[in-house]
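2 protein chains.
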Amino acid sequence: MTGNTHVVIVGGGFGGINVARTLLRHGGSRIRVTLIDRRNHHLFQPLLYQVATAGLSPADIATPIRAIFRGDPRIRVRLATATDVDLASRILTTDGGDVPYDHLVLACGATHAYFGHEEWEDRAPGLKTIEQATEIRRRVLTAFERAEFESDREERRRLLTFVIVGGGPTGVELAGALGELSRYTLTRDFRNIDPSSTRVILVEGGPRILPTFAPELSHKAARSLEKLGVTLWTETQVTQIDERHVHAGDEIVEAATVLWAAGVKASSLGEKLGVELDRAGRVRVAPDLSLPDHPEVFVIGDQARVELDGRPVPGIAPAAIQQGRHVAKNILHDLRDSPREVFEYHDHGIMATIGRATAVLQRGTLRLNGLVAWLIWGFIHILYLIGFRNRLLVFIQWTWSYFRHGRGARIITEPDWRLHGVHSPASTGRRHAPDDPGDPRKERS
Amino acid sequence: MTGNTHVVIVGGGFGGINVARTLLRHGGSRIRVTLIDRRNHHLFQPLLYQVATAGLSPADIATPIRAIFRGDPRIRVRLATATDVDLASRILTTDGGDVPYDHLVLACGATHAYFGHEEWEDRAPGLKTIEQATEIRRRVLTAFERAEFESDREERRRLLTFVIVGGGPTGVELAGALGELSRYTLTRDFRNIDPSSTRVILVEGGPRILPTFAPELSHKAARSLEKLGVTLWTETQVTQIDERHVHAGDEIVEAATVLWAAGVKASSLGEKLGVELDRAGRVRVAPDLSLPDHPEVFVIGDQARVELDGRPVPGIAPAAIQQGRHVAKNILHDLRDSPREVFEYHDHGIMATIGRATAVLQRGTLRLNGLVAWLIWGFIHILYLIGFRNRLLVFIQWTWSYFRHGRGARIITEPDWRLHGVHSPASTGRRHAPDDPGDPRKERS
Numbered sequence: 000m001t002g003n004t005h006v007v008i009v010g011g012g013f014g015g016i017n018v019a020r021t022l023l024r025h026g027g028s029r030i031r032v033t034l035i036d037r038r039n040h041h042l043f044q045p046l047l048y049q050v051a052t053a054g055l056s057p058a059d060i061a062t063p064i065r066a067i068f069r070g071d072p073r074i075r076v077r078l079a080t081a082t083d084v085d086l087a088s089r090i091l092t093t094d095g096g097d098v099p100y101d102h103l104v105l106a107c108g109a110t111h112a113y114f115g116h117e118e119w120e121d122r123a124p125g126l127k128t129i130e131q132a133t134e135i136r137r138r139v140l141t142a143f144e145r146a147e148f149e150s151d152r153e154e155r156r157r158l159l160t161f162v163i164v165g166g167g168p169t170g171v172e173l174a175g176a177l178g179e180l181s182r183y184t185l186t187r188d189f190r191n192i193d194p195s196s197t198r199v200i201l202v203e204g205g206p207r208i209l210p211t212f213a214p215e216l217s218h219k220a221a222r223s224l225e226k227l228g229v230t231l232w233t234e235t236q237v238t239q240i241d242e243r244h245v246h247a248g249d250e251i252v253e254a255a256t257v258l259w260a261a262g263v264k265a266s267s268l269g270e271k272l273g274v275e276l277d278r279a280g281r282v283r284v285a286p287d288l289s290l291p292d293h294p295e296v297f298v299i300g301d302q303a304r305v306e307l308d309g310r311p312v313p314g315i316a317p318a319a320i321q322q323g324r325h326v327a328k329n330i331l332h333d334l335r336d337s338p339r340e341v342f343e344y345h346d347h348g349i350m351a352t353i354g355r356a357t358a359v360l361q362r363g364t365l366r367l368n369g370l371v372a373w374l375i376w377g378f379i380h381i382l383y384l385i386g387f388r389n390r391l392l393v394f395i396q397w398t399w400s401y402f403r404h405g406r407g408a409r410i411i412t413e414p415d416w417r418l419h420g421v422h423s424p425a426s427t428g429r430r431h432a433p434d435d436p437g438d439p440r441k442e443r444s
Numbered sequence: 000m001t002g003n004t005h006v007v008i009v010g011g012g013f014g015g016i017n018v019a020r021t022l023l024r025h026g027g028s029r030i031r032v033t034l035i036d037r038r039n040h041h042l043f044q045p046l047l048y049q050v051a052t053a054g055l056s057p058a059d060i061a062t063p064i065r066a067i068f069r070g071d072p073r074i075r076v077r078l079a080t081a082t083d084v085d086l087a088s089r090i091l092t093t094d095g096g097d098v099p100y101d102h103l104v105l106a107c108g109a110t111h112a113y114f115g116h117e118e119w120e121d122r123a124p125g126l127k128t129i130e131q132a133t134e135i136r137r138r139v140l141t142a143f144e145r146a147e148f149e150s151d152r153e154e155r156r157r158l159l160t161f162v163i164v165g166g167g168p169t170g171v172e173l174a175g176a177l178g179e180l181s182r183y184t185l186t187r188d189f190r191n192i193d194p195s196s197t198r199v200i201l202v203e204g205g206p207r208i209l210p211t212f213a214p215e216l217s218h219k220a221a222r223s224l225e226k227l228g229v230t231l232w233t234e235t236q237v238t239q240i241d242e243r244h245v246h247a248g249d250e251i252v253e254a255a256t257v258l259w260a261a262g263v264k265a266s267s268l269g270e271k272l273g274v275e276l277d278r279a280g281r282v283r284v285a286p287d288l289s290l291p292d293h294p295e296v297f298v299i300g301d302q303a304r305v306e307l308d309g310r311p312v313p314g315i316a317p318a319a320i321q322q323g324r325h326v327a328k329n330i331l332h333d334l335r336d337s338p339r340e341v342f343e344y345h346d347h348g349i350m351a352t353i354g355r356a357t358a359v360l361q362r363g364t365l366r367l368n369g370l371v372a373w374l375i376w377g378f379i380h381i382l383y384l385i386g387f388r389n390r391l392l393v394f395i396q397w398t399w400s401y402f403r404h405g406r407g408a409r410i411i412t413e414p415d416w417r418l419h420g421v422h423s424p425a426s427t428g429r430r431h432a433p434d435d436p437g438d439p440r441k442e443r444s
């Protein structure tokens, strides 16, 4: 290992960004960094559910990766997709060409998993990207628009039924926001339907929602959700999702909108490493977060399985941030030929928000819920948003929503930009009329 | 005509919104309104170019139509596409069913026209909808991303060449914003390319840009654009646009990004009325803005050709607003069996902005340009934005951009929401790597 290194980072999420930041802050002139991502923006995923439910705009929670590192000549940001890794010759293959590395950090994250039912994705999108968030927003708002002028009672009921699969934080936050939206935001918008008659059903396979939280907080969260009109089905497995129905336990629900928040699998780039993966496709890493037998390669964040005294580190932003900083430190140790450090996870706690003004928060033995937890939740999320501009814009919109029950981003955008000129009514016809919001394919071509 | 009326308005733009507002304000209980639009939002089109150039987010300039009229039981907002009008039996046909009317107001607006070259649309999108704006944003930002890692000098030059067809306000504002973006915003973002080497070419068929302005202001605007590095080609006709080139006059330019701002045609719904249309497909209306022989049907805004002492009323927001209010007044006159009034256009002037801190403004004999004009421009546009929230958000982002040369909404979003999970690199491969930004179809599967 020379005194200089070219560090190639794949992924501009919480993990990758923090590897680069720490390296640049402490690495001086011995560091050269290439950060590769398929997207041009860092996405603040913890708030993505608010884009899906029309509370925030995409740009409020997305920052161009270039802008984060602007002006530093030691780092190159590259828009490309990593496709393979040649560990022997230390080359990362991307669709934009090969990139040789001295150190490689894989921080590619995870996507939602359908446990062998990938065919459900069109019907039940997950929530990992801005496009998925605006698609969910389109489906939800379109369902209300269609219900407004639907004469058939059964069909109206189907349109106003929203099923969310998965009772983890994402599912709970989506359900809370949908309850909020239908109970307060949309009530005065519609004439023929009473949006509060909306059914929001949260389906969880386990005995309680928010299983990673203390039971008392799970129950507090459940009660808060029920106050917002959300129906909870625990210990219920989803066995089938078809064009109109969701089969959950013994129930068969007619639902126009189904959202998937039931588990993730790691980026498949890990499969190219020829090492052991866990059931979720995560790479099992050494205590210093490197690959067994390949100390120059690190895997972090949702793509890595890190076990501390037998318990895996949770797949949340603070863990990815800590791992990113730790990897950067170990790379700097390498440059000084000093020994690496073992990763230790500092648990700052976990939180989830429910609707407009309540949340659950747990840190060590501390348990909080209600408005106080919600204020702390909001403060911390604004604090961690990258960029003063984003913080200010999000803060203003939250204040606005809090007092006005408003959700400013209630606009329906369509997948295809070509369809929206005023060409002939014929050519713009059905596409503009909400078709089955459950199947956007019908709105294509 | 009874003392009550059901007014059906097609189009939620400046014209349609103001018909409804005025009717509801002064019509009391004798008024029932149905407002029909293909989209669920009112779009503040004068600022759409800022979404296309990453200055603002879609939701900043779009307001849900329902939200504008929330709480008033006399109006129904309906998401549907009007497909035909049966003047004899007074029924509007939509893809969501038939809607009978007592008064009908068509305010469907206009779309960009390619003068018989509709095949150019994919290569040279116009700017009328949010989807078109985000598509243009994607192409522009993707072109810079690709140029950053393009080794071939010629190809890099092609990627950094932006051709804008049409020297009216939209073309000038797009060109100014692109010059701004490449000269200031992106300069520190990129390493391998010098964004200020970007070529922005504004092609105008006539002898000068902004032909509706006084010659002196056209020249002031031209000089301001040249300061931002924009090349002006006046008296130049675009004869051909192919995959790589734009044929303009004797020149053949290689350009990855081509934008169309060269004229509009009215909504084709006018063709269903069996009345005389002008070359731009606009309906020639009577002095009271109604259809000849059909006093119960009005056509306003970009869809109407209104001539006052031989000169057509310009297709700008203030004209549409005035026409909307006037139509509402005449409908109320009908209810009182009092005679209708002839429409008079009050010319409050015209403006166009160039880049970050200059604009041209003309009102009667008044001519303004530079910072003062720009401040007035900004003030008036914020004033006319619907909703305090939008005003505040836009104001903050403009202040931010002004002092930081920042453009916050610099995110690339893709047309298809399905492509962006972290599935397999194989499946996400080329799609994420910017393909030819000039042809988004290549990015579809």
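In order, the protein sequences belong to chains A and B. Going left to right, the first sequence walks through residues 0 to 444 as numbering that gives the first Met the number 0 numbers them. Going left to right, the second sequence walks through residues 0 to 444 as numbering that gives the first Met the number 0 numbers them. We put the beta carbon where it would ideally sit given N, CA and C, even for glycine. Only a predicted model underlies this, so the values are computations on that prediction, with no experimental measurement involved.
Classify VAL50 of chain A as helix, strand or coil using the three-state DSSP reduction. helix
Straight-line gap, GLY14 of chain A to LEU126 of chain A (C-alpha atoms, nearest Å): 19 Å
If you drop the 5 nearest sequence neighbours on each side, which residues of the same chain put their C-beta closer than 8 Å to that of ASP94 of chain B? Correct list, in chain order: ALA79, THR80 and THR82.
Chain-ordered chain B contacts of ILE411 of chain A [CB-CB under 9 Å]: ARG38, ASN39, HIS40, PRO63 and LEU78
Determine, using beta-carbon pairs with one atom in the region 349 to 363 of chain B and one in the region 374 to 382 of chain B, whether at least three such pairs fall under 8 Å. yes
Chain B contacts from the region 142 to 174 of chain A (Cβ-Cβ distance under 7 Å): The region 142 to 174 of chain A vs chain B, Cβ under 7 Å: GLU144 and PHE148.
Would HIS102 of chain A and VAL6 of chain A be called neighbours here (beta carbons separated by less than 7 Å)? Here HIS102 of chain A is near VAL6 of chain A, since their CB atoms are less than 7 Å apart.
Could you name the residues that DSSP lists as bridge partners for LYS226 of chain A? DSSP, once it has assigned bridges, lists no residue as partnering LYS226 of chain A.
Could you give the distance in angstroms between the alpha-carbon of GLN131 of chain A and the alpha-carbon of LEU46 of chain B? 26 Å
Using a C-beta to C-beta distance shorter than 8 Å, which residues of chain A count as neighbours of PRO206 of chain B? Neighbours of PRO206 of chain B on chain A: none; closest Cβ ~29 Å, over 8 Å.
Of all the beta strand (DSSP E) runs that stay within the bounds of the region 104 to 148 of chain A, which reach a length of 3 or more residues? Secondary structure within the region 104 to 148 of chain A: the beta strand (DSSP E) runs of 3 or more consecutive residues, fully enclosed, are 109 to 111 (chain order).
If we count the other Cβ atoms within 10 Å of its Cβ and call it buried at 16 or more, is TYR449 of chain A buried or exposed? One cannot answer for residue 449 of chain A here, as it falls past the ends of chain A, which runs 0 to 444.
Of all the CB atoms in chain A, is at least one closer than 7 Å to the CB of SER423 of chain B? At SER423 of chain B the pLDDT is 35, less than 50, meaning the model places this residue with poor confidence and gives no usable figure here.
For LEU360 of chain B, which three-state DSSP category applies? strand
CB-CB under 6 Å to VAL421 of chain A, same chain, minus the five flanking residues each way: which ones, in chain order? Residue placement at VAL421 of chain A cannot be trusted, given a pLDDT of 39 that sits under 50; the coordinates are not used to answer.
Since VAL171 of chain B and LEU224 of chain B are thought to touch, with beta carbons under 8 Å apart, how far apart are those beta carbons, to the nearest angstrom? Between LEU224 of chain B and VAL171 of chain B the Cβ distance is about 7 Å, and since that is below 8 Å, they are a contact.
When you compare each of A:ILE129, A:THR128, A:THR141 and A:PHE43 to PHE411 of chain A by their alpha carbons, which one comes out closest? What sits at residue 411 of chain A in the sequence shown is Ile, not Phe. Nearest neighbour of ILE411 of chain A by Cα position, chosen from A:ILE129, A:THR128, A:THR141 and A:PHE43, turns out to be A:THR141.
ASN17 of chain A - DSSP class collapsed to helix/strand/coil: helix
How would you call PHE387 of chain A, buried or exposed, if buried means at least 16 neighbouring beta carbons within 10 angstroms? exposed
Please classify ASP533 of chain B: does DSSP put it in a helix, a strand, or coil? Outside the shown range of chain B, which is 0 to 444, sits residue 533 of chain B, and nothing can be said about it.
Provide the residue span of the beta strand (DSSP E) that contains GLN321 of chain B, from first to last. Unbroken run through GLN321 of chain B is the alpha helix (DSSP H), 316 to 334; no beta strand (DSSP E).
Once you ignore the five residues that flank ILE90 of chain B on each side, which residues in its own chain have a CB closer than 8 Å to its CB? VAL84, ASP97, VAL98, PRO99 and TYR100
State the Cα-Cα distance for the pair ASN17 of chain B and ASP36 of chain B, rounded to the nearest angstrom. 14 Å
According to DSSP, which residues form a beta bridge with GLU306 of chain B? B:PRO311
How about ASP301 of chain B: is its C-beta nearer than 7 Å to some C-beta of chain A? Under the Cβ distance rule, ASP301 of chain B does not count among the residues neighbouring chain A, no pair being separated by less than 7 Å.
Scan the region 364 to 399 of chain A and note each continuous alpha helix (DSSP H) run of 4 residues or more that stays entirely inside, going in chain order. 370 to 383
Could you name the residues of chain A that ARG310 of chain B contacts, counting a contact when the two beta carbons are closer than 8 Å? By Cβ distance, chain A contributes nothing, its closest Cβ being about 25 Å from ARG310 of chain B, past 8 Å.
Using only alpha-carbon positions, find the residue among B:ARG190, B:ALA319 and B:ALA254 that is nearest to ARG122 of chain B. B:ALA254
Contact residues within the region 93 to 126 of chain A, judged by C-beta distance below 9 Å to chain B: THR93, ASP94, GLY95, GLY96, CYS107, GLY108, ALA109, THR110, HIS111, GLU117, GLU120, ASP121, PRO124 and GLY125
Could you spell out where the beta strand (DSSP E) holding ILE251 of chain B opens and where it closes? 250 to 253
Determine the DSSP secondary structure at LEU201 of chain B, reduced to helix, strand or coil. In this structure, LEU201 of chain B counts as strand in the three-state DSSP scheme.
Can you confirm whether the region 223 to 239 of chain A touches the region 194 to 210 of chain A when touching is taken to mean that 3 or more C-beta pairs between the two stretches lie within less than 8 Å? Yes, the region 194 to 210 of chain A touches the region 223 to 239 of chain A.
Indicate the three-state DSSP secondary structure (helix, strand or coil) for ILE411 of chain B in the structure shown. coil
List the DSSP bridge partners of ALA265 of chain A. A:ALA109
Nearest-angstrom Cα distance between ARG190 of chain B and TRP259 of chain B? 30 Å
Quick check on GLU242 of chain B - is its C-beta less than 7 Å from some C-beta in chain A? At a cut-off of 7 Å, the C-beta of GLU242 of chain B has no neighbouring C-beta in chain A.
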